[in-house]
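Top line first, the protein sequences correspond to chains D and S. 27 is the number of the first residue of the first sequence in the working numbering; add one for each residue after it. 27 is the number of the first residue of the second sequence in the working numbering; add one for each residue after it. Encoded as structure tokens, the structure appears first; notes follow it.
2 protein chains.
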Amino acid sequence: MTTATIFVCTSCRRSLGEGEESFDQPGRGLVEAIEARLQGDGDRRITVTSVDCLAVCKRPCTIAFSAANKWTYLIGDLDPDSQVDEIVAAARSFAASDNGIVPWRERPASFRKGVIARVPPVKHEELQ
Amino acid sequence: MTTATIFVCTSCRRSLGEGEESFDQPGRGLVEAIEARLQGDGDRRITVTSVDCLAVCKRPCTIAFSAANKWTYLIGDLDPDSQVDEIVAAARSFAASDNGIVPWRERPASFRKGVIARVPPVKHEELQ
Chain D
27 MTTATIFVCT SCRRSLGEGE ESFDQPGRGL VEAIEARLQG DGDRRITVTS
77 VDCLAVCKRP CTIAFSAANK WTYLIGDLDP DSQVDEIVAA ARSFAASDNG
127 IVPWRERPAS FRKGVIARVP PVKHEELQ
Chain S
27 MTTATIFVCT SCRRSLGEGE ESFDQPGRGL VEAIEARLQG DGDRRITVTS
77 VDCLAVCKRP CTIAFSAANK WTYLIGDLDP DSQVDEIVAA ARSFAASDNG
127 IVPWRERPAS FRKGVIARVP PVKHEELQ
């Protein structure tokens, strides 16, 4: 069974006005929205996990797609209100891929524009 | 034996002047410099691996510290001429850590300032 984890950063702050205290943390809602979508679809291949900090900070919401023996992708600038469908679809493409590299044509706009970084899988021999 | 991999992006371009064609790719020299340092020290715990693209692009040189069951750290803005010692020392701290989180006091300045992102380890059950 192909599987993948969506890590969602719940720390990054989105400014809601001028004051320093005027912000929300949209990753929190995004975790719940993705979870609801996966449960609604009965999809147990994909797991969503909140993470205290992905250390990106400046591009909320930030998520990572991760799976054993695949490239990890970090994606930012995501909108929890409008892009849950895109995120779940991209995670499914990621889970179905051989190595984590999703073909360009399968990447939604948010994925094409929002990549922060990617990292190769840890070498196979280190997984033993 | 504690082990870790340093992935070094060899694609990112550093501007050397005004023209679009005036650039170098400092990651290439950084791979060689780290490799020479590790060999000189007889350190076989750390592996350095060049990567065609870590998709960060705007903060050369960019590297990642990676190991099984540890957080992955992406670090940018590194100077291949002056920071090889710091990078190797930080990689050793990373390799020696339980979970990839290096105590703040052990992080050289380049590591403290240059973090681009971090990602938790893939869940243990997915490594089986």
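Glycine included, each C-beta is placed from N, C-alpha and C at the ideal position.
Flag residue i as yes if its beta-carbon sits less than 7 Å from any beta-carbon of chain S, otherwise no.
| i | result |
| --- | --- |
| D/Leu100 | yes |
| D/Val128 | no |
So with CB distances below 9 Å, who are the chain S contacts of residue i?
| i | result |
| --- | --- |
| D/Val168 | Look at the range of chain D in this structure, 27 to 154, and you will see that residue 168 of chain D is not part of it. |
Is the CB of residue i under 7 Å away from at least one CB in chain D?
| i | result |
| --- | --- |
| S/Ser119 | no |
| S/Val77 | yes |
| S/Ala94 | yes |
Relative to the C-alpha of residue i, which candidate in the options has its C-alpha closest?
| i | options | result |
| --- | --- | --- |
| D/Phe137 | D/Cys38, D/Pro146 and D/Leu100 | D/Leu100 |
| D/Arg171 | D/Pro106, D/Ala93 and D/Cys35 | This structure does not reach residue 171 of chain D, given that chain D is present from 27 up to 154, and the question cannot be answered. |
| D/Arg88 | D/Val57, D/Thr73 and D/Gly66 | Here the sequence assigns Thr to residue 88 of chain D, which means Arg is not the residue at that position. D/Thr88 has its Cα closest to that of D/Val57, out of D/Val57, D/Thr73 and D/Gly66. |
| S/Arg63 | S/Arg144, S/Ala116 and S/Val110 | S/Val110 |
| D/Thr29 | D/Val145, D/Ala115, D/Gly68 and D/Thr73 | D/Thr73 |
| D/Asp107 | D/Ser76, D/Pro86, D/Val141 and D/Val148 | D/Pro86 |
| D/Ser114 | D/Ala90, D/Trp130 and D/Asn95 | Reading off the sequence, residue 114 of chain D comes out as Val, not Ser. Taking only the C-alpha atoms, the option nearest D/Val114 is D/Ala90. |
| D/Glu132 | D/Asn125, D/Glu112 and D/Val145 | D/Glu112 |
| D/Val77 | D/Ile127, D/Lys139 and D/Thr31 | D/Thr31 |
| D/Val145 | D/Lys139, D/Ala135, D/Gly126 and D/Pro134 | D/Gly126 |
| D/Phe33 | D/Leu42, D/Glu44, D/Ile60 and D/Lys139 | D/Ile60 |
Applying a beta-carbon distance threshold of less than 9 Å, which residues of chain D neighbour residue i?
| i | result |
| --- | --- |
| S/Ile142 | Ala81, Val82, Leu100, Ile142 and Ala143 |
Strictly below 7 Å CB to CB, what residues from chain S border residue i?
| i | result |
| --- | --- |
| D/Ala90 | Val145 |
Problem set entry | Any 3 or more C-beta pairs closer than 8 Å across the segment 77 to 86 of chain S and the segment 32 to 45 of chain S | yes
Exercise. Contact between the segment 115 to 129 of chain D and the segment 45 to 64 of chain S: three or more CB pairs below 8 Å?
Worked result: no
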